[in-house]
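Just below is one structure, and these are the notes that go with it.
Protein chains: 2
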Amino acid sequence: MTQRINSMEDISLTLKLLGDKTRLTIMKLLDKQECCVCELVEIFKTSQPAISQHLRKLKDAGLIKENRKSQWIFYSINTDSRQWQLVQELISHVPSVDHLLEELKVKGLRMTCN
Amino acid sequence: MTQRINSMEDISLTLKLLGDKTRLTIMKLLDKQECCVCELVEIFKTSQPAISQHLRKLKDAGLIKENRKSQWIFYSINTDSRQWQLVQELISHVPSVDHLLEELKVKGLRMTCN
DNA sequence: TGCTTATATAAGTACATTATTATATAATGA
DNA sequence: TCATTATATAATAATGTACTTATATAAGCA
């Protein structure tokens, strides 16, 4: 695949956004499967507004998209983003987060948001 | 080349550092050739302490190294860094900065730091 | 409709980051 | 040795970021 060149502004914004551990982990998680807000709140053990604010930044930058399913809003990678190729390369360097999804499953909280 | 996996901390620190336009541009410049502080001050049209502080952060993270040549200190990419493969991929997405080095040359300021 | 659950937004606060100004260090050369 | 040039460091001010708490919105259900 040939290299897609974006502007310095777009690239530095993307790197700044993923330079935060929470957001980097969110992108790695979403690379595996879409997640709703309450799943992420559980995984990061932080407040719901904190997660919502991280998601908003990622969405504003076009890196993720949302999809409401009844009362839940699921977030997923926006693979149409001009930054997606770069993001994909980045997160391939990040250690696996499968254990986080596994813990969620064990607790019976995966995909369901009871 | 196989993928080198670093810790979440190391990766997010690297992305945070390169999430700044000045530092991202510095890394792209150094990927072409080593530069001394006064060349970078000229290129970025900012204060010398501002550049020194950016260089220090990059050096503290192990991304660049310094090499004194008489009164000048030249900075270059530390290709021994555990992050080098990641950094190399990142900066391959960044638009060329050749024009910046060319301008410097035209002004007679390249490599010499009169 | 009113209650509950999921999520977003707003306001405020604490902390981090980046630049500036002033000063220190280090090398060179008269 | 003294003056000059290159660079680093310290202190400070301005700005940005990420959290918290409180509140608003929106969907589902009794």
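So the sequence lines, in the order shown, correspond to chains S and U. Add 1217 to a position in the first sequence, counting from 1, and you land on the number used in my numbering. Add 1217 to a position in the second sequence, counting from 1, and you land on the number used in my numbering. A virtual CB, placed ideally from N, CA and C, is assigned to each residue, including glycine.
- Message: DSSP has residue 1291/U in a bridge; who is on the other side?
- Response: The sequence position of residue 1291/U within the second sequence is 74, counting from 1. Paired residue(s): 1253/U and 1284/U.
- Output the distance between the C-alpha atoms of residue 1274/S and residue 1286/U, rounded to the nearest integer angstrom. Residue 1274/S sits at position 57 when you count from the first residue of the first sequence. Residue 1286/U sits at position 69 when you count from the first residue of the second sequence. Cα to Cα, the separation comes out at about 44 Å.
- Message: Helix, strand or coil for residue 1312/S? Go by DSSP, reduced to three states.
- Response: Here residue 1312/S is taken as the residue at index 95 of the first sequence, counted from 1. Of the three classes helix, strand and coil, the one that applies to residue 1312/S here is coil, per DSSP.
- Could you check if residue 1236/S is buried or exposed, using at least 16 other CB atoms within 10 Å of its CB as the buried criterion? Within the first sequence, residue 1236/S is the residue found at index 19, counting from 1. Burial call: buried.
- Of all Cβ atoms in chain U, is any one closer than 7 Å to the Cβ of residue 1279/S? Your numbering for residue 1279/S matches position 62 in the first sequence. No - not a single Cβ of chain U is within 7 Å of the one on residue 1279/S.
- Message: Just to check my reading of the structure: residue 1242/U and residue 1304/U have Cβ atoms closer than 8 Å, yes? What is that Cβ distance to the nearest angstrom?
- Response: In the second sequence, residue 1242/U corresponds to position 25, counting from 1. In the second sequence, residue 1304/U corresponds to position 87, counting from 1. About 13 Å; that fails the 8 Å criterion.
- Query: Nearest-angstrom Cα distance between residue 1246/U and residue 1239/U?
  - Reply: On the second sequence, position 29 is the one that residue 1246/U refers to. On the second sequence, position 22 is the one that residue 1239/U refers to. Near 10 Å, if we compare the C-alpha coordinates of residue 1239/U and residue 1246/U.
- Take every Cβ of the stretch 1260 to 1270 of chain S, pair it with every Cβ of the stretch 1268 to 1282 of chain U, and state whether three or more of those distances are shorter than 8 Å. no
- Message: Suppose you measure from the CA of residue 1221/S to the CA of residue 1293/U; what does that come to, to the nearest Å?
- Response: Taking the first residue of the first sequence as position 1, residue 1221/S is located at position 4. Taking the first residue of the second sequence as position 1, residue 1293/U is located at position 76. Their Cα atoms are separated by approximately 26 Å.
- Task: Report the residue from 1227/U, 1234/U, 1254/U and 1261/U whose alpha carbon sits nearest the alpha carbon of residue 1320/U.
- Result: Against the second sequence, residue 1320/U aligns to sequence position 103. Measuring from the Cα of residue 1320/U, the nearest candidate turns out to be 1261/U.
- Query: Excluding the five sequence neighbours on either side, which residues of its own chain have a C-beta within less than 6 Å of the C-beta of residue 1283/U, listed in chain order?
  - Reply: Counting from one through the second sequence, the residue named residue 1283/U turns up at place 66. Contacts found: 1290 and 1292.
- Query: Ordered along the chain, which non-local residues of its own chain (more than five positions away) have a Cβ less than 8 Å from that of residue 1299/S?
  - Reply: Locating residue 1299/S in the first sequence gives position 82, counting from the first residue. The residues are 1221, 1223, 1227 and 1279.
- Would you kindly report the start and end of the unbroken alpha helix (DSSP H) that includes residue 1367/S? Since the displayed chain S opens at 1218 and closes at 1331, residue 1367/S lies outside it and no answer follows.
- Using a cut-off of 7 Å between C-beta atoms, extract the partners of residue 1311/U located in chain S. For this step, residue 1311/U is matched to residue 94 along the second sequence. Correct list: 1225 and 1228.
- Item | Contacts of residue 1232/U in chain S (Cβ-Cβ under 8 Å) | Start at 1 with the first residue of the second sequence, and residue 1232/U comes out as number 15. Here the neighbours are 1232, 1233, 1235, 1236, 1241 and 1307.
- Alpha carbon to alpha carbon, how far is residue 1264/S from residue 1312/S? Here residue 1264/S is taken as the residue at index 47 of the first sequence, counted from 1. Here residue 1312/S is taken as the residue at index 95 of the first sequence, counted from 1. Approximately 24 Å, taken between the alpha carbons.
- Return the first residue and the last residue of the alpha helix (DSSP H) that residue 1269/U is part of. As a first step, residue 1269/U must be located in the second sequence, where it is residue number 52. Unbroken alpha helix (DSSP H) run through residue 1269/U: 1265 to 1277.
- Query: Between residue 1288/U and the rest of its own chain, which residues show a CB-CB distance below 7 Å, the 5 nearest in sequence each way excluded?
  - Reply: Stepping through the second sequence from its first residue, residue 1288/U is reached at position 71. There are no such residues.
- Determine the closest residue to residue 1229/S out of 1309/U, 1219/U and 1259/U, with distance taken between C-alpha atoms. Along the first sequence, one-based indexing puts residue 1229/S at 12. Comparing Cα-Cα distances from residue 1229/S to each of 1309/U, 1219/U and 1259/U, the minimum goes to 1309/U.
- Take residue 1324/S and list the residues in its own chain whose beta-carbon comes closer than 8 Å to its own, dropping the five residues that flank it on each side. To locate residue 1324/S, count along the first sequence from 1; it is residue 107. These residues qualify, in order along the chain: 1259.
- Message: For residue 1318/S and residue 1249/S, which I take to be in contact (beta-carbon distance under 8 Å), what is that distance rounded to the nearest angstrom?
- Response: Along the first sequence, one-based indexing puts residue 1318/S at 101. Along the first sequence, one-based indexing puts residue 1249/S at 32. With a Cβ gap of about 6 Å, residue 1318/S and residue 1249/S count as contacting.
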